[in-house]
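One structure below.
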Ligand code: HEC
């Protein structure tokens, strides 16, 4: 009887142990995924390095990074609009181009700040009403556009890192 109880206790301990290990592994695997999803969704901010890498990865899918690095005030609307347009464009291409990765809300907010800082931000040379119209109910990017630059901390952190997008080391696409 005593031996049986000891065995039972041991197996309960063993099963309990396996259970705990399983939960921990599950937590680690899912936790990473959860953080990735929370960041992409805009609930947690990207850090500066992640944002920079993301900008290079997502924006080199169809054309070279040069197109972005050489974009300028004379070329067209500010990046907040460009990123909105590219995001919309990707959503339309999604079924046609295999392997194309979309740009999620949180990603768009981070990517816009990266290009604003590295290439240029000329939002203040445009009328707010025009930008609002061009952003077409893109709530996260509208919110960014209405955030003072000094409160956009990715943009602030990267500011001055590259003169007009000419910094080769930063501009090298990360594949
Ligand atoms: C699905 C493919 C695709 C992706 C991904 C993409 N672009 Fe584009 N991009 C285009 C196309 C198509 C054009 C317009 C045609 C052209 O100028 O070659 C364009 C044009 C541009 C232009 C020039 C616009 C102009 O008025 O001259 C800029 C700047 C630009 N993209 C930046 C970006 C940025 C920044 C990203 C990442 C957020 C990005 N692109 C991601 C397809 C893409």
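Residue numbers (the numbering used here): 216 to 390. For each residue, glycine too, the CB sits at the ideal point set by N, CA and C. Computed from a predicted structure; not experimentally measured.
Please report the distance separating the alpha-carbon of residue i from that of residue j.
i: residue 347; j: residue 299; result: 11 Å
i: residue 338; j: residue 262; result: 23 Å
i: residue 232; j: residue 225; result: 10 Å
i: residue 310; j: residue 227; result: 51 Å
i: residue 358; j: residue 313; result: 31 Å
i: residue 330; j: residue 340; result: 17 Å
Using a 10 Å radius around the Cβ and a threshold of 16 neighbouring Cβ atoms, would you call residue i buried or exposed?
i: residue 327; result: buried
i: residue 353; result: buried
i: residue 304; result: exposed
i: residue 251; result: exposed
i: residue 287; result: exposed
i: residue 277; result: exposed
i: residue 389; result: Only weak support is given to the placement of residue 389: the predicted model assigns it a pLDDT of 43, under 50, and the value that follows is read from those uncertain coordinates. By the 10 Å Cβ count, residue 389 comes out exposed.
i: residue 369; result: buried
i: residue 218; result: exposed
Relative to the C-alpha of residue i, which residue among the options is closest?
i: residue 320; options: 257, 223, 225; result: 257
i: residue 373; options: 270, 308, 344; result: 270
i: residue 333; options: 241, 285, 273, 238; result: 285
i: residue 360; options: 297, 306, 235; result: 297
What I want to know is whether the C-beta of residue i ends up closer than 7 Å to one or more non-hydrogen atoms of the ligand HEC.
i: residue 290; result: yes
i: residue 286; result: yes
i: residue 315; result: yes
i: residue 308; result: yes
i: residue 369; result: no
i: residue 278; result: yes
i: residue 298; result: yes
Residue i: beta carbon under 7 Å from a heavy atom of the ligand ATP?
i: residue 283; result: This structure lacks the ligand ATP; its bound ligands are the ligand HEC.
Report back the beta-carbon spacing between residue i and residue j to the nearest angstrom; my notes put them in contact at under 8 Å.
i: residue 283; j: residue 290; result: Going by Cβ atoms, the distance from residue 283 to residue 290 rounds to 10 Å, so no, they are not a contact pair.
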